[in-house]
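Just below is one structure, and these are the notes that go with it.
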Amino acid sequence: MTCLLFLFPFLLHILLSTTEAGKGEWHLLQENIGIVGMHMQLLHNDVVVILDRTDFGFSNLTLPEGRCRNNPREMVVQTDCTAHSLEYDVASNTFRPLFVQTNVWCSSGSVSPDGTLVQTGGFNDGDRTVRTFNPCHSCDWQEFDGGLAARRWYATNHVLPDGRQIVIGGRRQFNYEFYPKTQATAKNTYSLPFMVQTNDAGAENNLYPFVFLNVDGNLFIFANNRAILFDYQRNSIVKTYPEIPGGDPRCYPSTGSAVLLPLKNLQMPSVEAEVLICGGAPRGAFQQTFSGRFVRALKTCARIKITDPNPSWEMETMPGARVMSDMVLLPNGNVLLINGATVGTAGWEMGRNPVLNPFLYKPNNPVGSRFELQNPSNIPRMYHSSAALLRDGRVLVAGSNPHIYYNFSNVLFPTELRLEAFSPSYLEPGFSNVRPRIVSPAPQSQTKLKYAQTLKLRFRVTATLVRDSMLVTMLAPPFVTHSFSMNQRQLVLEPKKLSDVGESTYEIEVTAPRSAILAPPGFYLLFLLHQEIPSHGIWVQIL
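When we follow our numbering, the leftmost residue of the sequence shown carries the number 35, and every step to the right adds one.
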C-alpha cells in the first residue's frame with residue numbers, strides 16, 4: 035500500500051501528461067533564453083520582442099561585444115553586462131540580446147501604424163520613459179527619458195483610430211494621457227475619476243485595466259469589477275455598465291483576463307461587440323496571502339454585449355479555476371486560456387497549484403458547450419508569464435518568475451527561462467488536405483490595404499472545397515503582459531466572391547474594414563479559414 039501511495043503522484047503526472055488527439059501539442063523551443071518572458075510583442079517581420087525587468091539582478095544572457103549597462107539610478111546592480119530584453123526569430127528559432135537601459139518592470143506598450151513597437155513606463159528610472167523598437171534584425175531599443183507626462187506603472191495602452199495611443203491608469207495614477215505628444219495639450223494628463231472609484235484600499239484591483247476600442251469609437255474600460263464606455267475626446271462617460279455578477283475583482287492583482295470577441299458582419303450598418311472576462315481571484319484574496327492563506331481562484335467567465343442599449347452580463351463556468359491566465363484569440367475565432375494558477379493571486383510568491391491544461395473557448399457554441407480541456411504542458415507558468423499567437427498558428431509561451439530575484443533552487447516554482455509553443459489541434463497533420471495555403475499575395479509580402487478596399491486572395495486546397503465554410507480573419511498582434519493582451523483585436527471578413535482558377539486553386543474576394551474605428555491603422559495578421567482550419571497568416575498593413 036505504501037508503494038502505491040508513493041507511486042500515485044508519478045502515475046497521476048503520467049496520466050495528465052498523455053497527449054490526447056485533438057487537444058493540441060506542446061513543443062520545447064529553447065531550453066534557456068536567459069531572461070524571463072514578462073512582456074512579449076510579435077512584430078511584422080516575424081520576430082517576438084521579449085522584455086524582463088532590469089532590477090532582478092543579472093540575467094542569464096550576456097550582452098554582446100563587452101557592452102554593459104551603467105546606470106547609477108538602478109536599485110540592484112549599477113553595472114550590468116547582461117541583457118533584459120531579446121529578439122526571438124520565429125523562423126530560425128534563434129534569439130539575440132537587446133539593450134534596454136531603464137526598468138521596464140510592469141510597463142505597457144503598443145505598435146504604431148508604421149510597425150514600430152512603442153513601449154511605455156515601468157518602475158523607478160523607467161516610470162516616465164518611452165522606448166521604441168524598429169523591426170529590423172540589427173536594430174535595438176531607443177529610449178526617451180521623460181516621454182510621459184506622468185509615472186506609468188501597471189498602466190494599459192490602446193491604439194486609437196488616428197494612430198496615437200492612449201495610456202490609462204497605473205499605480206496611483208487616476209488619469210490618462212496620449213502618445214506621441216504632437217500638440218501642446220497632449221503634454222497634459224486628464225483626470226479619470228472612474229480609476230479612483232475602482233481603487234480598493236490595500237489591493238487596488240484596478241491595475242492593468244482591460245481596455246477595448248468599441249465600434250462607436252469610444253473606449254470600453256473595465257477595472258476591478260465594473261466597466262464604463264468612455265469618450266476620451268470629450269473626457270466623459272457615455273455609459274456605465276452593470277457590476278459584474280458576484281462583485282469579485284478581475285484586474286491586477288486579482289488578475290483575470292479579457293478579450294474583445296471577434297467583430298463580425300462588418301458591412302452591416304451597426305456592428306455588435308462583445309467582451310469576455312475570465313478568471314480572477316475573490317475579493318480579499320490578495321490580503322489573505324500575507325497570512326499564508328491562499329484562496330481558490332474564480333472559475334467563472336462573464337460575457338457582455340457592450341453595444342446593447344441595455345447590456346447585461348452572461349455568466350459561464352470554466353472547467354476549473356484560473357488566475358493569472360492569458361487569453362489568446364486564435365485565427366478561427368476561438369479563445370485559448372493558457373498559463374496561470376488555481377489558487378492565490380498575482381504577486382511575489384502569491385500563487386499556488388499551477389494550471390497546466392489550457393482551456394479552449396468556442397464563442398459560437400451554445401452556453402454549456404463552449405469549453406474544451408486541452409493537453410497539458412509540464413512547465414508551470416505562474417506570475418510573470420506570457421503567451422502570444424504566431425503567424426503559423428502556434429502560441430508562443432514564455433516566462434514565470436514569482437520571486438523578487440532570479441531563483442532556480444529550493445523554491446516551489448523556479449525562475450523559468452524555457453521557451454515553448456502550443457500547437458492547437460488545427461495544426462495536426464490530419465488537417466493538411468483541408469488547410470488552405472495562400473499563394474497570392476505571397477506569404478512573405480506585406481500587403482498594404484486601404485479602408486473598404488477589395489482584397490483578392492488566391493489559395494490552394496487539396497481536399498474538396500466546402501465553399502460556404504470559407505472565411506478570412508484579420509488579427510492585430512497584442513502587447514502581452516500580466517495576463518492581458520493590449521490591442522488584441524480580430525475582425526471576420528466574409529467573402530464577396532469565390533472563384534475556381536485552376537486545379538485545387540481558388541480566388542476569394544473580401545472587403546477590408548470600412549473605418550479606422552473598426553480596425554485602427556497598422557499591421558495585422560490575415561488568415562484564410564476552410565472548415566475552421568486556418569492557413570498560415572500573411573501580414574497586411576491597413577492605413
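From the three backbone atoms N, C-alpha and C, an ideal C-beta is built for every residue, glycine too.
- Item | Any alpha helix (DSSP H) of 4 or more consecutive residues that is wholly inside the stretch 285-355 | Fully enclosed alpha helix (DSSP H) runs of 4 or longer: 319-322.
- Could you check if M508 is buried or exposed, using at least 16 other CB atoms within 10 Å of its CB as the buried criterion? Buried.
- Query: With distances taken between CB atoms, is the gap from V245 to I311 smaller than 9 Å?
  - Reply: Taking 9 Å as the cut-off, the Cβ atoms of V245 and I311 do not count as close.
- Message: Across the stretch 370-380 and the stretch 389-407, are there enough close Cβ pairs to call them in contact, namely three or more that are closer than 8 Å?
- Response: Remark: three or more beta-carbon pairs, one from each stretch, lie closer than 8 Å, so the stretch 370-380 and the stretch 389-407 are flagged as touching.
- Message: Whole angstroms are fine: how far does the CA of T190 sit from the CA of R165?
- Response: Distance between the alpha carbons of R165 and T190 is about 15 Å.
- Item | Every unbroken beta strand (DSSP E) inside the stretch 413-494 [3 residues or more] | Runs of the beta strand (DSSP E) inside the stretch 413-494: 419-423, 429-433, 453-457, 471-474, 480-483 and 488-494.
- The beta strand (DSSP E) with P131 in it runs from where to where? T128 to L132 is the extent of the beta strand (DSSP E) around P131.
- State whether the stretch 109-122 contacts the stretch 82-100, with contact taken as three or more CB pairs (one from each stretch) at a distance under 8 Å. Enough Cβ pairs lie closer than 8 Å, so yes.
- Message: Less than 9 Å between the beta carbons of Q64 and A422, yes or no?
- Response: The Cβ atoms of Q64 and A422 lie no closer than 9 Å to each other.
- According to DSSP, residues forming a beta bridge with F393: Beta-bridge pairing links F393 to L371 and L407.
- Taking contact to mean at least 3 C-beta pairs separated by less than 8 Å, is the stretch 315-333 in contact with the stretch 538-558? Taking 8 Å as the limit for Cβ pairs, the verdict is that the stretch 538-558 does not touch the stretch 315-333.
- Query: So, E543 versus T488, is the Cβ gap smaller than 9 Å?
  - Reply: Closer than 9 Å, so yes.
- Message: Considering only the alpha carbon of each residue, which of N399, L407, R428 and A455 lies closest to R415?
- Response: For R415, the nearest C-alpha among the options comes from A455.
- Task: May I ask you to verify whether the stretch 490-502 touches the stretch 466-479, counting CB pairs closer than 8 Å and requiring at least 3?
- Result: Under the Cβ criterion (8 Å, minimum of three pairs), the stretch 490-502 counts as touching the stretch 466-479.
- Just how far apart, CA to CA, sit K482 and M349? Going from the Cα of K482 to the Cα of M349 covers about 40 Å.
- Query: Taking DSSP as the reference, what is the three-state secondary structure of T507?
  - Reply: When DSSP states are grouped into helix, strand and coil, T507 belongs to the strand group.
- Item | Element boundaries [beta strand (DSSP E), containing Q153] | Counting along the chain, the beta strand (DSSP E) containing Q153 begins and ends at L151 to T154.
- Item | Interface flag, Q135 vs chain C, CB-CB below 9 Å | This model lacks chain C altogether, as it is built from one protein chain only.
- Task: Would you identify the three-state DSSP class for V230, choosing helix, strand or coil?
- Result: Reduced to three states, the DSSP call for V230 is helix.
- Query: Given a threshold of 16 other Cβ atoms within 10 Å of its Cβ, counted over all protein chains shown, does N252 qualify as buried or as exposed?
  - Reply: With 16 or more other Cβ atoms within 10 Å, it is buried.
- Evaluate V362 with the Cβ neighbour count: other Cβ atoms within 10 Å of its Cβ, from every protein chain shown; 16 or more gives buried, anything less gives exposed. Flag for V362 reads buried.
- Task: Would you mind working out which of D196, R452, I567 and I262 sits nearest L499, comparing C-alpha positions?
- Result: Closest by alpha carbon: I567.
- Query: Can you tell which of V309, P303, D282 and M302 has the C-alpha that lies nearest to the C-alpha of L295?
  - Reply: Distances from the CA of L295 to each of V309, P303, D282 and M302 were compared; the closest alpha carbon is that of V309.
- Item | Alpha-carbon spacing of D502 relative to A55, whole angstroms | Spanning the two alpha carbons is a distance of roughly 27 Å.
- Go to Q176, then tell me how far its beta strand (DSSP E) extends in each direction, as first and last residue. Element bounds for Q176: Q176 to F178.
- Message: Closer than 8 Å to a non-hydrogen atom of the ligand ATP - does that hold for the CB of P316?
- Response: Within the structure as shown, the ligand ATP is missing, as the structure has no ligands at all.
- Task: Classify D161 as buried or exposed, calling it buried when 16 or more other Cβ atoms lie within 10 Å of its own Cβ.
- Result: Classification of D161: buried, given that the 10 Å Cβ count is 16 or more.
- Query: Measuring CB to CB, does V272 end up less than 9 Å from D265?
  - Reply: Yes, they are a contact pair.
- Residue environment, Q217, which counts as buried when at least 16 other CB atoms sit within 10 Å: Label assigned to Q217: exposed.
- From the DSSP output, in three-state form, read off T539 for me. For T539, the three-state secondary structure derived from DSSP is strand.
- Bounding residues of the beta strand (DSSP E) (the contiguous stretch that carries P388): Residues G385 to P388.
- Output the distance between the C-alpha atoms of E238 and K531, rounded to the nearest integer angstrom. Between the alpha carbons of E238 and K531 lies a gap of roughly 51 Å.
- Message: Does V152 pass the burial test, meaning 16 or more other C-beta atoms within 10 Å, or should it be called exposed?
- Response: So V152 ends up on the buried side.
- Query: Q478 to L424, Cα distance in whole Å?
  - Reply: Using only the alpha carbons, I get a separation of about 14 Å.
- Item | When G571, I69 and V506 are compared against A476, the one with the closest alpha-carbon | Among G571, I69 and V506, the Cα nearest to that of A476 is on G571.
- Query: According to DSSP, is G143 helix, strand or coil?
  - Reply: Reduced to three states, the DSSP call for G143 is strand.
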